[in-house]
Amino acid sequence: MSENKQTFSVYEVFSQKSPTASFTHQFSLLAPNHEVAMTMARENFMRREPAVNIWVVKRDDIYVLPPEERPHLERMDNKAYRETKGYGDLQAKWRYHKEQYERKNAAK
Amino acid sequence: MANQHSITSADEAKQHPEYLAALKELLYQMADDDFILAYRGSEWLGLGPHIEEDVAFSSISQDTMGHAVMFYEMLEELGEGKADDLAQLREASAFRNAILVERPNGTGHYKENPHFDWGYAVTRFYLYGLFKQTRLESLVHSSYQPLTLAARKMLPELGYHLYHWQVWMNQLAVGSQEGYDRIMQGVEKVWQDAGDLFVFGSKEVDMVKFGLIESGQTLAQRWLEKAKQALDACVLPWPGMPQTTELSGRAGQHTPDLTEVLNTLSEVYRIDPAANW
Amino acid sequence: MAQQLHAVTGTAYEEKVAQFMARIERGEKIEADDWMPDDYRQQLIKLISMHAVSEIMGALPEKEWVPKAPSLRRKLAIMAKVQDEMGHGQLLMRVAEDLLVPLGKTREDLLDDLFTGRLKFHNVFHMEAPTWADAGVIGWLVDGAAIITQTMSLDTSYAPYARALHRICAEEKFHAQHGESIVLALAEGTKEQRQMLQDAVSRWWPALLMFFGPPEDGGITSNQQLNMRYKIRSQTNEELRQAFFSKYVPRIFHLGLTLPDETIHYDEREGKWHYKQPDWEEFKRIIKGGGPCSKERLQLRRMSYEETQWVRDALLGKGRRAV
Numbered sequence: 010m011s012e013n014k015q016t017f018s019v020y021e022v023f024s025q026k027s028p029t030a031s032f033t034h035q036f037s038l039l040a041p042n043h044e045v046a047m048t049m050a051r052e053n054f055m056r057r058e059p060a061v062n063i064w065v066v067k068r069d070d071i072y073v074l075p076p077e078e079r080p081h082l083e084r085m086d087n088k089a090y091r092e093t094k095g096y097g098d099l100q101a102k103w104r105y106h107k108e109q110y111e112r113k114n115a116a117k
Numbered sequence: 130m131a132n133q134h135s136i137t138s139a140d141e142a143k144q145h146p147e148y149l150a151a152l153k154e155l156l157y158q159m160a161d162d163d164f165i166l167a168y169r170g171s172e173w174l175g176l177g178p179h180i181e182e183d184v185a186f187s188s189i190s191q192d193t194m195g196h197a198v199m200f201y202e203m204l205e206e207l208g209e210g211k212a213d214d215l216a217q218l219r220e221a222s223a224f225r226n227a228i229l230v231e232r233p234n235g236t237g238h239y240k241e242n243p244h245f246d247w248g249y250a251v252t253r254f255y256l257y258g259l260f261k262q263t264r265l266e267s268l269v270h271s272s273y274q275p276l277t278l279a280a281r282k283m284l285p286e287l288g289y290h291l292y293h294w295q296v297w298m299n300q301l302a303v304g305s306q307e308g309y310d311r312i313m314q315g316v317e318k319v320w321q322d323a324g325d326l327f328v329f330g331s332k333e334v335d336m337v338k339f340g341l342i343e344s345g346q347t348l349a350q351r352w353l354e355k356a357k358q359a360l361d362a363c364v365l366p367w368p369g370m371p372q373t374t375e376l377s378g379r380a381g382q383h384t385p386d387l388t389e390v391l392n393t394l395s396e397v398y399r400i401d402p403a404a405n406w
Numbered sequence: 332m333a334q335q336l337h338a339v340t341g342t343a344y345e346e347k348v349a350q351f352m353a354r355i356e357r358g359e360k361i362e363a364d365d366w367m368p369d370d371y372r373q374q375l376i377k378l379i380s381m382h383a384v385s386e387i388m389g390a391l392p393e394k395e396w397v398p399k400a401p402s403l404r405r406k407l408a409i410m411a412k413v414q415d416e417m418g419h420g421q422l423l424m425r426v427a428e429d430l431l432v433p434l435g436k437t438r439e440d441l442l443d444d445l446f447t448g449r450l451k452f453h454n455v456f457h458m459e460a461p462t463w464a465d466a467g468v469i470g471w472l473v474d475g476a477a478i479i480t481q482t483m484s485l486d487t488s489y490a491p492y493a494r495a496l497h498r499i500c501a502e503e504k505f506h507a508q509h510g511e512s513i514v515l516a517l518a519e520g521t522k523e524q525r526q527m528l529q530d531a532v533s534r535w536w537p538a539l540l541m542f543f544g545p546p547e548d549g550g551i552t553s554n555q556q557l558n559m560r561y562k563i564r565s566q567t568n569e570e571l572r573q574a575f576f577s578k579y580v581p582r583i584f585h586l587g588l589t590l591p592d593e594t595i596h597y598d599e600r601e602g603k604w605h606y607k608q609p610d611w612e613e614f615k616r617i618i619k620g621g622g623p624c625s626k627e628r629l630q631l632r633r634m635s636y637e638e639t640q641w642v643r644d645a646l647l648g649k650g651r652r653a654v
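Residue numbers (my numbering), protein chains in the order written: chain A, 10 to 117; chain B, 130 to 406; chain C, 332 to 654.
Rendered as structure tokens:
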């Protein structure tokens, strides 16, 4: 790149709404460096929402999953064993055992 | 300052005529400073050096006008009339702002051929911000409780403005020879009016006596230290002590530029101040 | 590994286009770094860069009223509103800039295109705003028109544009209320205030009709067809204008205001509004830079940009100072 075509770089802006919230990507801006990017970040993207912390990241420093690999992120729908919905029978079992116990005690 | 009786409300202040007069004078100075500088900031809207910075700068102008509104509303509570009237219907000679804040952004008009000077914008907002910080820090110990509360609320916002301008001043001063020259010209221009910031006018003795605020000289000392650090951080030379100014804004002496500002600010409102806008 | 495989397979352009169209038809969203047909990219650049510079030029007519707004609250609100417009310009510029990367173009080129007239901006921002009521009407009706077109585009196939529009639409709701608040205060005010409002509505009416672009009259342009096929936008100019009438014409009448068009009415049976066409030749002249304020606003924008070139140079460390 020649000297006179030199321009600002893209910085991605992330912010955190509260101390327990995760950082969320907001948008990107053009800036000459991190310091100046930070002075403009909040007012460009968080004028009406709270922010307790801000990150600015030079876009060139983000390694992105290549577009042709993104379709491979799709998973088969056979992972119920990882999720609570895979254990839907538990409530009924607990109810059954409670009833069994109560019936036994009532019979005494 | 320390062992002053604390005044908790506007009603209580109104029972002490001398106290009230000194308090009102101080409030006008602070309200008018912030109001007129915010106006100058609003003229920059849409004309900044970079779109992102245009957006960021506007929040600073809004915050600053927001602070002015709080001071005008305190005056309203003290029986001075409606805040909107105080901001828009007084004559220039009734304004108590320092000369520094009424200076134009450059030559031309914001609608036509605005040759605005970004070097002056950065230095004026930064050095005024440092002055405002010393003033608010003093107000945290003021005898007028509504003022101490307001000062505590304003200080974090002002800190954010100072962070902004500090980065910009440093980047420009260190970035290139032209940046350095423009910032130095800005500093010199601010310096010509800086002395006027610390003149608190005819009621200053009472302001100090009643524990409303510390003396202008005390605040000037603190500001000089802050300003020195700020310039050192940008490897800028120290311009020396600011001289006494020809005009005294606190005494109602102003440049014709202020009259022009006030005419613009009130152009619509003056069509019919009794109407609802 | 995977990349090598694709290189070996070497999909032809037409096949890629077919795959792309299948994605569009499945309702998938396209990202900036996804492969896209050249004309998809061109359509987006045209649409989004025009939208971007319109926001930035749109700040200027309202900005004239920022210092003059007639109360402290109004001064703050209109400052925030114009700031948002600049912010919308920023969002859209970023989206356009990312699309321009493969063409080796940057924001500087976009602004240069604006200054030289290659890149057009919306007709409404070439117009005069001589009174405070104009500031209200811009907020109420021009922003109202913008909300209608932008809401329609929220479901656009280009994801970065959709993300920008979601932010913009959220703020436009505040703008519309800001405009309504000004307009209602004037409508409920003195005789002079009402007259000021009526004059502004009459003045802006033709420009508002033009805002949506010429009607299709049966045949829609190839440009619109392409945008619809790619799901960049989903409604025609006339459909949007009709939606605008349905929302705003009754409200204009409820305030006791009149329109400079005695013929305008809603036909229940046809389910559409009939109205007097604005002068579409005039529309062409305006967007080519022949509007009442075109030249001075472009001049203002160009001047402020050129005179602050030293700031951007200094930030890039051009002509570094020897400390």
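Cβ atoms here follow ideal geometry from the backbone N, Cα and C, with glycine treated the same way.
Note that the structure is a prediction, hence the values are computed from the model and not measured.
Report yes or no: is there a C-beta of chain C within less than 8 Å of the C-beta of residue i?
i               : result
R311 of chain B : yes
V65 of chain A  : no
V73 of chain A  : yes
Grab the span of the beta strand (DSSP E) containing residue i for me, first residue to last.
i               : result
F446 of chain C : Taken as a continuous stretch (DSSP letters only), F446 of chain C belongs to no beta strand (DSSP E), being part of the alpha helix (DSSP H) at R438 to F446.
Q25 of chain A  : S18 to Q25
I563 of chain C : I563 of chain C -> no beta strand (DSSP E), and no H or E assigned at all.
N62 of chain A  : N62 to K67
Y597 of chain C : H596 to D598
Quick one: list the residues of chain C neighbouring residue i, beta-carbon separation under 8 Å, in chain order.
i               : result
S18 of chain A  : By Cβ distance, chain C contributes nothing, its closest Cβ being about 10 Å from S18 of chain A, past 8 Å.
N226 of chain B : Under the 8 Å cutoff, chain C gives no residues; its nearest Cβ is about 16 Å from N226 of chain B.
Considering just the uninterrupted stretch of the alpha helix (DSSP H) at residue i, what are its terminal residues?
i               : result
L38 of chain A  : Not the alpha helix (DSSP H): L38 of chain A falls in the beta strand (DSSP E), residues T33 to A40.
H293 of chain B : Q274 to G304
H382 of chain C : D369 to K394
K338 of chain B : E333 to K338
List the residues of chain B that residue i touches, going by C-beta distances under 7 Å, in chain order.
i               : result
L99 of chain A  : The contacting residues do not exist; L99 of chain A stays about 50 Å from chain B at best.
K394 of chain C : L174 and G175
S385 of chain C : Here the premise fails: no neighbours, minimum Cβ distance about 13 Å.
Cβ of residue i less than 8 Å from any chain A Cβ?
i               : result
S188 of chain B : yes
R633 of chain C : no
E439 of chain C : yes
W352 of chain B : no
Q508 of chain C : no
W320 of chain B : no
How would you label residue i, buried or exposed, when you count the other beta carbons within 10 angstroms and need 16 or more for buried?
i               : result
F32 of chain A  : exposed
G175 of chain B : buried
T263 of chain B : buried
I71 of chain A  : exposed
R311 of chain B : buried
A250 of chain B : buried
V65 of chain A  : buried
A338 of chain C : With a pLDDT of 46 at A338 of chain C, under the threshold of 50, the modelled position of that residue is not reliable, and no figure is offered here.
W103 of chain A : exposed
E346 of chain C : exposed
E637 of chain C : exposed
Would residue i pass as an interface residue toward chain B - the criterion being a Cβ-Cβ separation below 8 Å?
i               : result
S11 of chain A  : With a pLDDT of 39 at S11 of chain A, under the threshold of 50, the predicted position of this residue should be treated as unreliable, though the coordinate-derived value follows. Chain B contact via Cβ: absent.
P82 of chain A  : Before going on, a small fix: residue 82 of chain A reads as Leu here, not Pro. Judged by the 8 Å Cβ criterion, L82 of chain A is not in contact with chain B.
G418 of chain C : yes
V339 of chain C : Its pLDDT being 43, under 50, V339 of chain C is placed unreliably by the model, and nothing is read from it.
V45 of chain A  : yes
L430 of chain C : no
L646 of chain C : yes
R643 of chain C : yes
Rounded to whole angstroms, how far is the Cβ of residue i from the Cβ of residue j, which I believe are closer than 8 Å?
i               : j               : result
T521 of chain C : T16 of chain A  : So it is not a contact: roughly 52 Å between Cβ atoms.
E307 of chain B : G648 of chain C : The pair is not a contact, with the Cβ atoms about 11 Å apart (cut-off 8 Å).
A460 of chain C : P392 of chain C : 4 Å
E231 of chain B : K153 of chain B : With a Cβ gap of about 21 Å, E231 of chain B and K153 of chain B do not count as contacting.
S188 of chain B : R79 of chain A  : Actually they are not in contact, since the Cβ atoms of S188 of chain B and R79 of chain A sit about 37 Å apart, beyond 8 Å.
N568 of chain C : E547 of chain C : 6 Å
G378 of chain B : N226 of chain B : 5 Å
At a CB-CB cut-off below 7 Å, which residues of chain A make contact with residue i?
i               : result
Q630 of chain C : Near Q630 of chain C there are no residues of chain A at all, since even the closest Cβ is about 24 Å away, more than 7 Å.
Quick one: list the residues of chain C neighbouring residue i, beta-carbon separation under 9 Å, in chain order.
i              : result
P59 of chain A : Near P59 of chain A there are no residues of chain C at all, since even the closest Cβ is about 15 Å away, more than 9 Å.
Identify the contact partners of residue i in chain A, using a Cβ-Cβ distance below 8 Å as the criterion.
i               : result
W367 of chain B : Simply none; closest approach about 24 Å.
Counting only Cβ pairs nearer than 9 Å, list the residues of chain B close to residue i.
i               : result
A427 of chain C : Within 9 Å Cβ-Cβ: nothing; A427 of chain C doesn't reach chain B, min ~12 Å.
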